[in-house]
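K.L.:
Residue numbers (this note's numbering), protein chains in the order written: chain A, 70 to 181; chain B, 22 to 135. Glycine residues also receive a C-beta, built at the ideal position from the N, C-alpha and C atoms. The structure follows.
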Amino acid sequence: GDSVTQMEGPVTLSEEAFLTINCTYTATGYPSLFWYVQYPGEGLQLLLKATKADDKGSNKGFEATYRKETTSFHLEKGSVQVSDSAVYFCALGQTSGSRLTFGEGTQLTVNP
Amino acid sequence: DAGVIQSPRHEVTEMGQEVTLRCKPISGHDYLFWYRQTMMRGLELLIYFNNNVPIDDSGMPEDRFSAKMPNASFSTLKIQPSEPRDSAVYFCASSLSGRNTEAFFGQGTRLTVV
């Protein structure tokens with residue numbers, strides 16, 4: 070079945086550092102890929118998505134590129150801020166049904 | 022739209038009591054999901070519905086858990102009787118069928134069973 074694997078956390082960075090959170094997936098067909106973010110005490114919010122190979126999703130300075138050859142969708146940001154501290158989830162969705170498969174989540178803490 | 026609305030936001034109950042969590046999905050969405058989040062187990066899908074019909078309840082941990090969706094705008098997750106290990110944050114999410122659709126999450130209900 071479908072699965073998503075994220076890099077183990079937690080990740081701690083200083084403000085303005087470069088961020089990468091790795092995400093790889095196993096799936097049949099051509100799934101859509103998503104990054105969700107969960108701020109403390111809140112529900113998950115969509116951060117960005119990509120729907121086909123080589124698509125780049127971007128939002129709030131975050132980017133991720135759908136790499137079918139490496140089955141990856143790594144999240145990057147060039148300069149993190151304290152306000153980016155949150156848990157980040159990678160997910161995939163198939164065309165048949167709207168159920169999403171989530172990764173384990175990666176806790177990011179950004180220190181001033 | 023106000024998004025997915027869950028109630029209550031916080032619930033504290035005694036072991037053995039019945040607990041009912043409520044969810045109002047985004048209008049027009051035809052999928053509804055119930056998730057549970059804990060530190061130990063992360064985010065778990067409990068059950069999901071399509072057009073008010075349960076599609077997969079394999080994530081429901083025990084017979085103590087039940088979920089209903091009597092109409093397109095309302096769903097409940099019930100735990101009877103509740104136990105301390107049920108303490109978690111429960112999320113409801115909804116989505117629209119079709120390719121490339123994302124799920125929209127509610128704010129969650131933090132359940133504490135003492």
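With respect to the beta strand (DSSP E) encompassing M90 of chain B, which residues constitute its N-terminal and C-terminal limits?
P.N.:
Looking at the DSSP string, the run of the beta strand (DSSP E) that includes M90 of chain B is F86 to N92.
K.L.:
Which chain B residues sit within Cβ distance under 7 Å of E111 of chain A?
P.N.:
Ordered by position in chain B, the residues that pass the 7 Å Cβ test against E111 of chain A are Q128.
K.L.:
Hey, does F95 of chain B have any beta-carbon neighbour from chain A nearer than 9 Å?
P.N.:
Chain A contact via Cβ: absent.
K.L.:
Per the contact definition of three or more C-beta pairs closer than 8 Å, is the stretch 36-51 of chain B in contact with the stretch 114-134 of chain B?
P.N.:
Yes, the stretch 114-134 of chain B is in contact with the stretch 36-51 of chain B.
K.L.:
Scan the stretch 29-93 of chain B and note each continuous beta strand (DSSP E) run of 3 residues or more that stays entirely inside, going in chain order.
P.N.:
Correct list: 31-34, 40-45, 52-59, 63-71, 74-77 and 86-92.
K.L.:
Is there a C-beta anywhere in chain B that falls below 9 Å from the one on K118 of chain A?
P.N.:
Yes, contact with chain B.
K.L.:
So with CB distances below 7 Å, who are the chain B contacts of E173 of chain A?
P.N.:
Here the neighbours are G63.
K.L.:
Considering only residues of the same chain and omitting the five flanking positions on each side of T59 of chain B, which have a CB-CB separation below 7 Å?
P.N.:
Contacts found: A109.
K.L.:
Just the Cα atoms here: how many angstroms apart are V151 of chain A and V179 of chain A?
P.N.:
V151 of chain A and V179 of chain A: Cα-Cα distance of roughly 5 Å.
K.L.:
Excluding the 5 residues flanking G174 of chain A on each side, which residues of the same chain have their C-beta closer than 8 Å to its C-beta?
P.N.:
These residues qualify, in order along the chain: Q75, G78, Q107, V156, Y157 and F158.
K.L.:
Residue range of the beta strand (DSSP E) that L169 of chain A falls in?
P.N.:
Residues L169 to F171.
K.L.:
Under 8 Å between beta-carbons, which chain B residues line up against L88 of chain A? List them in chain order, please.
P.N.:
Per Cβ cutoff of 8 Å: no residues; L88 of chain A is ~21 Å from chain B at best.
K.L.:
Between the alpha carbons of G119 of chain B and T120 of chain A, how many angstroms are there, rounded?
P.N.:
Answer to the nearest angstrom: the Cα atoms are 12 Å apart.
K.L.:
Whole angstroms is fine: what's the gap from P181 of chain A's alpha carbon to A86 of chain A's?
P.N.:
Straight-line Cα distance between these residues: approximately 11 Å.
K.L.:
Within the same chain, show all residues whose beta-carbon is closer than 6 Å to that of L98 of chain B, passing over the 5 residues directly before and after it, in chain order.
P.N.:
Excluding residues within five positions, the ones whose Cβ falls inside 6 Å are L42, W55 and A88.
K.L.:
May I ask you to list the residues that DSSP assigns as paired with V80 of chain A?
P.N.:
Beta-bridge pairing links V80 of chain A to A:L177.
K.L.:
Count the other CB atoms, across all protein chains shown, that sit within 10 Å of the CB of E83 of chain B; report buried if there are 16 or more and exposed otherwise.
P.N.:
Exposed.
K.L.:
On the three-pair Cβ rule with 8 Å, is the stretch 65-83 of chain B touching the stretch 44-52 of chain B?
P.N.:
Output reads yes: the stretch 44-52 of chain B touches the stretch 65-83 of chain B.
K.L.:
Tell me the DSSP bridge mates of K118 of chain A?
P.N.:
K118 of chain A is bridged to A:F103.
K.L.:
Considering only residues of the same chain and omitting the five flanking positions on each side of P102 of chain B, which have a CB-CB separation below 6 Å?
P.N.:
G37.
K.L.:
Between which two residues does the beta strand (DSSP E) containing V156 of chain A stretch?
P.N.:
A155 to G162 is the span of the beta strand (DSSP E), which, as asked, contains V156 of chain A.
K.L.:
By DSSP, does V25 of chain B sit in helix, in strand, or in coil?
P.N.:
V25 of chain B: coil per DSSP, three-state reduction.
K.L.:
Select from the stretch 98-110 of chain A all residues with a C-beta closer than 7 Å to any C-beta belonging to chain B, and list them in chain order.
P.N.:
Cβ contacts with chain B come from S101 and F103.
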